[in-house]
Structures are given as C-alpha cells and as structure tokens.
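Residue numbers (this note's numbering), protein chains in the order written: chain V, 48 to 404; chain S, 48 to 404; chain W, 48 to 404.
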Amino acid sequence: MAVIRKQRGNYLEDFAPGRVFRHKGGKTVNQGLFNAFTDFNFTTNPLHKNAEYARLHGFEGLVCPPGLVMNVVFSQTVEDISENARANLEYVDMRFGAPVYIGDTLEAETTILAVTPSTSNDDRGVVHVFTAGRNQRGEVVIAFERKVQVWKRDVKAKVEDAQLEKRPAVECHPVIPLYKTREHYAPKAHLANPDTYFEDFTPGDVYEHTRGRVMTEEHIALTGQLDNTSQVHSNQFLIEQNPEKYIGGRLIIYGGIPFNLCLGLSCPDVWDNSPADIVYTTGRHTGPLFSGDTVFASTEIRDKRDYPGRADLGVLVTTLRGHKFRKPKEGESGPQKVEIFHLEREIAVHRRSHYSA
Amino acid sequence: MAVIRKQRGNYLEDFAPGRVFRHKGGKTVNQGLFNAFTDFNFTTNPLHKNAEYARLHGFEGLVCPPGLVMNVVFSQTVEDISENARANLEYVDMRFGAPVYIGDTLEAETTILAVTPSTSNDDRGVVHVFTAGRNQRGEVVIAFERKVQVWKRDVKAKVEDAQLEKRPAVECHPVIPLYKTREHYAPKAHLANPDTYFEDFTPGDVYEHTRGRVMTEEHIALTGQLDNTSQVHSNQFLIEQNPEKYIGGRLIIYGGIPFNLCLGLSCPDVWDNSPADIVYTTGRHTGPLFSGDTVFASTEIRDKRDYPGRADLGVLVTTLRGHKFRKPKEGESGPQKVEIFHLEREIAVHRRSHYSA
Amino acid sequence: MAVIRKQRGNYLEDFAPGRVFRHKGGKTVNQGLFNAFTDFNFTTNPLHKNAEYARLHGFEGLVCPPGLVMNVVFSQTVEDISENARANLEYVDMRFGAPVYIGDTLEAETTILAVTPSTSNDDRGVVHVFTAGRNQRGEVVIAFERKVQVWKRDVKAKVEDAQLEKRPAVECHPVIPLYKTREHYAPKAHLANPDTYFEDFTPGDVYEHTRGRVMTEEHIALTGQLDNTSQVHSNQFLIEQNPEKYIGGRLIIYGGIPFNLCLGLSCPDVWDNSPADIVYTTGRHTGPLFSGDTVFASTEIRDKRDYPGRADLGVLVTTLRGHKFRKPKEGESGPQKVEIFHLEREIAVHRRSHYSA
Chain V
48 MAVIRKQRGN
58 YLEDFAPGRV
68 FRHKGGKTVN
78 QGLFNAFTDF
88 NFTTNPLHKN
98 AEYARLHGFE
108 GLVCPPGLVM
118 NVVFSQTVED
128 ISENARANLE
138 YVDMRFGAPV
148 YIGDTLEAET
158 TILAVTPSTS
168 NDDRGVVHVF
178 TAGRNQRGEV
188 VIAFERKVQV
198 WKRDVKAKVE
208 DAQLEKRPAV
218 ECHPVIPLYK
228 TREHYAPKAH
238 LANPDTYFED
248 FTPGDVYEHT
258 RGRVMTEEHI
268 ALTGQLDNTS
278 QVHSNQFLIE
288 QNPEKYIGGR
298 LIIYGGIPFN
308 LCLGLSCPDV
318 WDNSPADIVY
328 TTGRHTGPLF
338 SGDTVFASTE
348 IRDKRDYPGR
358 ADLGVLVTTL
368 RGHKFRKPKE
378 GESGPQKVEI
388 FHLEREIAVH
398 RRSHYSA
Chain S
48 MAVIRKQRGN
58 YLEDFAPGRV
68 FRHKGGKTVN
78 QGLFNAFTDF
88 NFTTNPLHKN
98 AEYARLHGFE
108 GLVCPPGLVM
118 NVVFSQTVED
128 ISENARANLE
138 YVDMRFGAPV
148 YIGDTLEAET
158 TILAVTPSTS
168 NDDRGVVHVF
178 TAGRNQRGEV
188 VIAFERKVQV
198 WKRDVKAKVE
208 DAQLEKRPAV
218 ECHPVIPLYK
228 TREHYAPKAH
238 LANPDTYFED
248 FTPGDVYEHT
258 RGRVMTEEHI
268 ALTGQLDNTS
278 QVHSNQFLIE
288 QNPEKYIGGR
298 LIIYGGIPFN
308 LCLGLSCPDV
318 WDNSPADIVY
328 TTGRHTGPLF
338 SGDTVFASTE
348 IRDKRDYPGR
358 ADLGVLVTTL
368 RGHKFRKPKE
378 GESGPQKVEI
388 FHLEREIAVH
398 RRSHYSA
Chain W
48 MAVIRKQRGN
58 YLEDFAPGRV
68 FRHKGGKTVN
78 QGLFNAFTDF
88 NFTTNPLHKN
98 AEYARLHGFE
108 GLVCPPGLVM
118 NVVFSQTVED
128 ISENARANLE
138 YVDMRFGAPV
148 YIGDTLEAET
158 TILAVTPSTS
168 NDDRGVVHVF
178 TAGRNQRGEV
188 VIAFERKVQV
198 WKRDVKAKVE
208 DAQLEKRPAV
218 ECHPVIPLYK
228 TREHYAPKAH
238 LANPDTYFED
248 FTPGDVYEHT
258 RGRVMTEEHI
268 ALTGQLDNTS
278 QVHSNQFLIE
288 QNPEKYIGGR
298 LIIYGGIPFN
308 LCLGLSCPDV
318 WDNSPADIVY
328 TTGRHTGPLF
338 SGDTVFASTE
348 IRDKRDYPGR
358 ADLGVLVTTL
368 RGHKFRKPKE
378 GESGPQKVEI
388 FHLEREIAVH
398 RRSHYSA
C-alpha cells in the first residue's frame, strides 16, 4: 500500500533538442470561455463582438481574438514545459495563422530547440522551445517560440548545451478574407472608431490608452478556464506556508491575463479596424501582477509598412507596454509606475481608402 | 512625436436635438453572457432557463430576459451619450419588442430629443435621448428614452435650450407567441410557481421578495462583459488617487447590475408565469451600490388590466423597488434601509384559466 | 392591502412517503455554465475539454462531467426538499445514466421514501428522498437518494414515522459508446495521461492529488448559475444580523461546489482515461467550506473489478476525500487538516490493452 503524489512536469534534464511533446487535453473553444476572455479585457474590435460584422468581413462568425488563441494554446504547454520553471523569460516570433472560431478545437505540439545550462548557477538552465497550435482541420492557428528558465531535478546532473540546427518548418501567416468593395463594408463601418484606420497613424506617436482595469480574484477562475492549474495562481494554502518563497508572498496572476488585458486596452486606439495581428516579435512579462492591481497600457507606433499583396491593408509596427502603479517608498513622491508587460507587435489595419463609409 | 491620450465621449455642447448616433460595436448575445446575466440575478422564469419550456410556449429557444436585453443595448450607448455624465437621471418609457435569443446580434441607435442647460449651474445640463435596439433582422427589440445630466467641456460655452417636436416614430410592442390550448401548456406548467398567475394578484398588495443577494467584485467582469468600460466601475487606481471625487470613495457598481438583479429577485413572486415585460414607464437609480452590499427588492401591485387582444393574458401594473441596508449612524438603531432602484413596470402575465394544468 | 412575504420550501410535516415532487424550472445546459463548472474545478479529462476527442470516443460532443450533471439536477430539488433543512446528511446510491451534452435540458422529479421524526429533538426529523433527472428525450441521466434533516414548522405537530416499501423502479446505468478498435483511439491517446489506465492502479494505494485550489467569493455567482438561491450562500446581510446562528458566522459555500472541485482535483491521477462515473455509493459533506479556503483531495483505490460485458473497461472502486486546513489552536503545531467531503465512488476506466497508442 503506497501513498502516491504524482509529480507532473519536466526538469532541465528531461529536455533535449529535437524532443517533441504532443500536449495533453486540447481545448474546444466554447462560448463561455469566449465571453469571459473577449470581454473581461475590454476588447472593442467588432470582429470579436458582433457576428454580423464578422460575417460581413468574410469570417465564418465571431472571431476569437489573438489573446484568447494564444492563451488556449499556451496553457496546454504549461504542464510539459514550464511546470518546474523558475521564470518565463520571453515569447519570440509569435505568429498568427488561420482564424479561430467558437467551436474550433485547438491542440498543441512543442519541439525543443535548445537547452542551455546556466554557467553561473548549476541548478538551472534555459530551454528554448517552438510550439504550434492547430485546429481540428490541421490548420496552424498560432506558432511561437518561448524561452523558459527551468530548474534541474538534480544539481549534480550533467546537462549538455545543445541546439537544433533549425526549427521545424511550419508555415504560419494570417489568413485574412479577400477584399470585396468599399460599398460592401460601409454599412457597418460605424461600428468601429472612425480614427483608427491605417492612414491615421504616425510613426513616433505614443498612445497612452486611457482606460485601466483592476484585476480581482477572478483571475483564479479565468486561469482554471484555460486549464492552467499552476499552483502559484490558485493554491492559497501553499503560499501561506512559505510566503518568502513566492514573488510578492501571495498568489501571482498568470501572465496570460495581463497579456490579454493589455491587448484589449489598446483596442479603441489602435486595434478596432484590424482584421488580424500578424506577429509578436518578442514579448516579456517585465513585472508581476496581483489581485487588486489596476492595469494600464500604451502603444508606441514605431513604423508603418505596406501589407504585401493587399492594397486594402497596411501594417502597423508597434510596441505595446503594460504597467501598473505601486505606492511610493520613503523618499519617493506619488505613485510609482511599474512596467509589467512588453510586446513588439505588428498589426494588420484597414485603410480608410478601402473600408470607411 | 506626440503622446496621445484619446478622449472619447461627448460633452453637453456636442449634443443637439435631432443628432443621430449609430453606436459602435454591436453585440452578439453568446451563451457565456446569457449564463452570467440570466443566472446571477436569481431569475426563476423557465423561459430563461429551460429551452423545452420556451419552445412549448412558442419561442425559438431560451429567451433573453428583459434585464439582459436592456443591458446589452444600453451599454452600447454609454460611450457616446454618458461618458461625461454627472448623473444618470431617469429611464423613460422603456418598451420591449421582438424576443431576443442567444445568437442574435443587437445594434443601437440614439436620437437626441432635447438639450437643457442648467439654470443654476453653468457647467452642466440635461440631455434627453431616445434609443432603439434592433436585431440582425432589423426588428426592434427595445426602445427607450433616457435623461442624463452631462458636463460641459467649457463652462463659458453657450448651449441652447432646444428640443425636437416629437421623437422618432419607432414601433415597439411585445411580440408574444400566439396562444394554443390549455392542454398544450399543461404538461410543463409545474415548472413555474402555481401561485403567480394573473388571477393571484390583488392591487394594493406589496410583495417583499424574500431573497437577497450580495454583490461582490464580480461586478467588474460582468460590466466588462457588457462592453461597458466606464472607469468608475473598473479603474481602482483612478479612485485611489482622489477618493473624495467619487461617490463612496470606491468603485461603484454599474446601474445595469442592480437593475437586472432587482428584476431577478422579483421573479419567484411576480414574474415566473410571464411571457414578457411590456414597458418600464420610468426608472431611476435612487442610491449607489458597492461591492459587499446585499440587494433586496419589493413589488407593489398597483393595478391590473386586460391585455388588449389577448384573452389568455393580463397586465400587472407594478412598482419594483430595490434596497440595501447601511449601518446605523449615531442615534439610529438597527440597520437603515436605503432605496437604490425604482421602476414602474408593466408585466404581461398568464391567466390560470388558460395556462395551468 | 397586504404585505406579502412568500415562504417557499417545505417543513417536516409536509413530507409523506409516496409524495411526488415535479420540481420547478428545469435547466438547459448552456456553454456558459459548462465553461464555469467544467473548468473551475480543474478537470483534465479530454471528454470534457476537447470535442474532437469526445466524438472519437463515440459521444455526440463535449460531455458534461458527472459533477455538473449532479449539480444541475440536485439544485432543482433544493427549494422543495431542503429549503428548511438543518443539515444535508448524505447522498446515497447516486447513479449516472445517459451522457449529458451542452444544449440538453434536464428536469427533476423526487419521490419521498421515508419520514423519520427525531427521537431526541421534537423540532426536527429526517426525510429520505429519491430523485431522478431526465433529459428532453425522457432518458434518465442521474438517479440518487438523499437524506436530509429538516425542521418542523410546528414543534407540537405529530409526524408519523413511515416509509415506502420500495423505491420507484428507475433504471439508471452508464451509457458508454461501444468499443471500436485500438487503432481507432490511438491517434488521440496522448491527450490524456499515459499512467491512468486500469492496469496502472493497485488496490490499497492512496493518491494525494497534488493540486489545491482556493475558492473565492466566486462561489456566489457559481451557485446562482445553478439556480440555487439558498440564502446562506448569498445573503450577506442575513448573516450579519445574526452571525451566531450560522455555521462559521459567514456565508457558507454550497456543498455542490466542493463536490465538483474534489472530483476535478482527482482527474489527472485517476480520472482522465475514464468514459463515465458509475455510482457514488455514499457521499457526505463532513466539514464546511468558506471563501478563502484552499481545497485538496485524495483518492484511495479500494478495489478493482471487471466491467460486466465490457472487455475494454474496468471498474475502480475508490474513496474520494476532500480536505482543507485550518490554523492551529493553542497547543497544536502547524496547520490542521479538516476533512470536508467523503465520497465512495466507482469509476469506469479504459484498459491500456484496448486504448493506448
């Protein structure tokens, strides 16, 4: 008769370049999840709100926003890849593919690209992975790399510094419905802001998005709805037994939530005449988020480009930054801004010449 | 290079009688939203719970309750009409039309009826508007007037006191499926209370609805799910910087939530043998609601009338009042009742002679 | 003119063996409810997550887990059976039948089996009931007995000790899709854990499920979504007026929530290669749960048996226990484990020989 406490998740020694993980679970996007994530983050893009508008724009129905797609796929990798992580270092080259609709089932597969033991600490190392998420038709909906700092199971274990020569060849480009005519889109153009077309943006401008949103203990349920059961988000008792061990000494909010919230907060200013996000070149959680914190965001327009093959669209090259405020310490005056999220983000945007009424 | 903080919403000077706003967004009612709103408010009408019962009663499926319809349409008007409001004064003549089902997309349009600058304070005035909500087939699902006290952008601006001669001619009557036979409805009559038929009510009686429900910080997510991003409901940091400026010095709960909750609390006593609400003649938020407050409600039966053209139904003319309690101040004894909501409400109700088993 | 406060629910005197209650409401399972309940409890069985997997396994779509089915049906009985209960004593012989899918409508019917006035206290007694839940096709989805301690309306009332000779003959067996071939299931076998097949379990072993989850005030909304309006879960004001009268002096969490949560916590270790729960022989809430408590669970494997008529399945006979911790009192050292839930549970489990890749 044994008492068994299953340990799931992998340590640094378990990863080797080329190893492939076909992650457990999968997830069918249901309307409950769509409602919770599309709306809590203050998204205003009518593609994510209004099925008539979405169909007019050539989609099959309400479109799942990239933040939700990212969360559904990313969460499936957590147990295998970052269960024993010390820190989630960076998202790299996150690209979006086929649109995702309510009722689609997304499954995820990860290939280990590189393992790099730390040269300064022998109890950890960095794992560099590539993940692709596909729908039930086998179409790629998202593909991204991630770098995670992972603990070793045994500090004395020898882990080889190794990497694949190149990452798997997985095609992933936004699939945006073909352009029709200006008259086709005009009847519903009023459903989005009139000043967020491609022509309205100037490189160098910074939009301080005016809205903020406090996150409450709701984060626990939201994280569970993504099937992310990581204990630092949901096990209050665990934290209480040893608060010094955990950042902030309290439950920390899963990073996918501020990721999603910052995208939503940017919406009314830069994202509501947009059919798709193209790529997040790099992303980092630069500060922690806790229940009771109010999240704010800003978008810097870094560049504008044509969209290859699409005269009706342009590409905005932006930096999205999320922040919160902490109380001043002695000697400081007024609330102190703390950055929590950083994302280099390219967005496909409608041209007024082609879409406005 | 500019730092841009978009200001959305209008001030008193921006409104003129006859101006029409085709509001942004629109909203497809999904099952997540339906679940959150239909159930949080303790609704017991089986039309909103049980699709088999709803279809037996001639509807296409689960019916969205009037509180949800009101919230989905009203929220779409908030940015254009009341973003810079000092107070939401009154709902007037709120009428319900075609039934709303899950999957329907509702869009909203508002016409300015009158602008009345204040005679005592030169920094504000009252805007009187008319809003119609339509589904994807162009059918009117709700139509109502609203009076809002709005700030001026510039106290020195001269605003004319003006009004339309008459409001837009928009037909809006409840669309209630045709009556079949008593035998048709009897098999599922037990799913509603046996003592809430038209014959059971006596003008003059007051029902103190026995249930109460505390509202928690869940209100933030519920309000976001309606796409209402008004900062006094969700930006904790904003309040903390200047608590004296905000009622209660804390986040205040969006009025649509107690509106919805009081309707739900009335359900087991007056509303579970009802196919539709007809009109809310006038409605006011008479007191604020905060996280941690428990909401109660009462319904006064003021009159009973026949339903024109429908021998199977009657009309209950009621007053719905919502209240909470505050702690006693010095000199007072016991918790003090505070009214928070007042609604003159006419309900269509089944006659026992036609519907009971 | 009367002031009316409707009292709903029954007292001991109102129950007599043989009396049948056709409960009010009914409930169509929508995706919002499915999302909230299937995900908050950390379920990992892909039948409840991934519609492609569910269909591959012969189901029509996402399967509602037994905890959700139990909650939807049980909640419909609360007003008639336990509105005036002093304590919910025991679930007995809870059996699962036809699978439940999103969109199904469940209705409930209860027969009183026995009434036993207390011999030691003349103000209460035990009511023993049998409830069956059926879907819109009339198929039984769940059937269970329950014992509840109920208050008398009048302590002087004479209540007869009586019982039915036998309970209603209602067939209820799990309906599990027919087995196909190992090759059929293999492509998606990786979506569940590789070590939770029937062959992997040894009678005598105890699995301490490694995850815990704190429950927050979210319980109020979750309980409302089940149409359970029992005031001890939602009326904060009621508790504040008389805290000594209520267990813990605060809102208590509805038992269906830890019931559901413990089932979910067991999932990764014993339940993710399982097509159905068969029977819960007995279940009891052995301790209270409050907002802020972290819930843990363990499963003891008591026995293994063949599944009659199904070579591809086995039966695990288990005991599921839920617990939390309380702070130590004087003289105690370290957090003290408090059991909150106890369930004797038989689970149908896939055999590796028939299902693994």
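Positions of the beta carbon are idealized from the N, C-alpha and C atoms, including for glycine.
None of the values given here were measured: they were computed from a predicted structure.
Per DSSP, which one or two residues make a beta bridge with residue i?
i	result
residue 345(S)	255(S) and 368(S)
residue 337(V)	Answer is none; residue 337(V) lacks a bridge partner.
residue 294(S)	Answer is none; residue 294(S) lacks a bridge partner.
residue 262(W)	DSSP output for residue 262(W) lists no bridge partner at all.
residue 245(W)	Looking at the DSSP assignment, residue 245(W) forms no beta bridge with any residue, so it has no partner.
residue 198(W)	171(W)
residue 300(S)	BP columns for residue 300(S) are empty, so no partner.
residue 181(S)	154(S) and 187(S)
residue 324(S)	394(S)
residue 205(W)	Note: residue 205(W) sits in no beta bridge, so no partner.
Can you pull the chain S neighbours of residue i, defined as C-beta to C-beta under 9 angstroms?
i	result
residue 240(V)	53, 55 and 71
residue 350(V)	Going along chain S, no residue has its Cβ under 9 angstroms from residue 350(V), so there is no contact; the nearest lies around 13 angstroms.
Between residue i and residue j, how many whole angstroms is the CB-CB distance? I'm expecting something under 8 angstroms.
i	j	result
residue 143(W)	residue 324(W)	5 angstroms
residue 317(S)	residue 387(S)	The Cβ separation is near 19 angstroms, so there is no contact.
residue 176(V)	residue 157(V)	5 angstroms
residue 60(S)	residue 206(S)	6 angstroms
residue 320(W)	residue 397(W)	4 angstroms
residue 310(W)	residue 83(W)	Contact doesn't hold; Cβ gap of about 15 angstroms is too wide.
residue 235(S)	residue 100(S)	5 angstroms
Measuring from the CB of residue i, is there a heavy atom of the ligand NAP at a distance below 7 angstroms?
i	result
residue 166(V)	This structure lacks the ligand NAP, and indeed carries no ligand of any kind.
Whose C-alpha, out of the options, is nearest the C-alpha of residue i?
i	options	result
residue 326(V)	183(V), 335(V) and 191(V)	191(V)
residue 121(V)	139(V), 49(V) and 50(V)	139(V)
residue 361(W)	244(W), 389(W), 370(W) and 104(W)	244(W)
residue 267(W)	256(W), 282(W), 258(W) and 257(W)	282(W)
residue 185(V)	152(V), 119(V) and 92(V)	152(V)
residue 64(V)	86(V), 149(V) and 161(V)	161(V)
residue 168(W)	313(W), 196(W), 314(W) and 366(W)	196(W)
residue 80(W)	261(W), 150(W), 391(W) and 302(W)	150(W)
residue 401(W)	254(W), 346(W) and 232(W)	232(W)
residue 339(S)	96(S), 373(S), 353(S) and 154(S)	373(S)
residue 119(W)	272(W), 355(W), 277(W) and 350(W)	272(W)
residue 147(W)	189(W), 336(W) and 203(W)	189(W)
residue 250(W)	363(W), 336(W), 286(W) and 125(W)	363(W)
residue 134(V)	262(V), 314(V) and 294(V)	294(V)
Taking Cβ-Cβ distances shorter than 7 angstroms, what residues in chain V pair up with residue i?
i	result
residue 276(S)	89 and 258
residue 369(W)	Within chain V, no residue comes near residue 369(W); the closest Cβ sits about 13 angstroms away, beyond 7 angstroms.
At 8 angstroms on the CB atoms, spell out the chain W contacts of residue i, in chain order.
i	result
residue 267(V)	260, 261, 263 and 265
residue 316(S)	51 and 53
Taking Cβ-Cβ distances shorter than 9 angstroms, what residues in chain W pair up with residue i?
i	result
residue 50(V)	252, 253, 254, 255 and 345
Could you name the residues of the region 73-91 of chain V whose beta carbon sits closer than 9 angstroms to any beta carbon of chain W, in the order they occur along the chain?
-> 73, 74, 75, 77, 78, 79, 80, 81, 82 and 83
Against chain V: residues of the region 136-156 of chain S by CB proximity under 7 angstroms = 152
Within 7 angstroms of chain V by C-beta, residues of the region 281-301 of chain S in sequence order = Listed by position along the chain: 281, 282, 283, 284 and 285.
Could you name the residues of the region 93-121 of chain V whose beta carbon sits closer than 9 angstroms to any beta carbon of chain S, in the order they occur along the chain?
-> 93, 96, 97, 98, 99, 100, 101, 108 and 109
Given a limit of 8 angstroms on CB to CB distance, which residues of the region 163-187 of chain S reach chain V?
-> 183
Could you name the residues of the region 192-211 of chain V whose beta carbon sits closer than 7 angstroms to any beta carbon of chain W, in the order they occur along the chain?
-> none
Contact residues within the region 355-385 of chain V, judged by C-beta distance below 7 angstroms to chain S = 372
Taking any Cβ of chain W, which residues in the region 324-342 of chain V have a Cβ under 8 angstroms from it, in chain order?
-> Of all residues in the region 324-342 of chain V, none is placed with a Cβ closer than 8 angstroms to any Cβ belonging to chain W.
Using a Cβ-Cβ cut-off of less than 9 angstroms, list which residues of the region 226-240 of chain V approach chain S; keep chain order.
-> 235, 237, 238, 239 and 240
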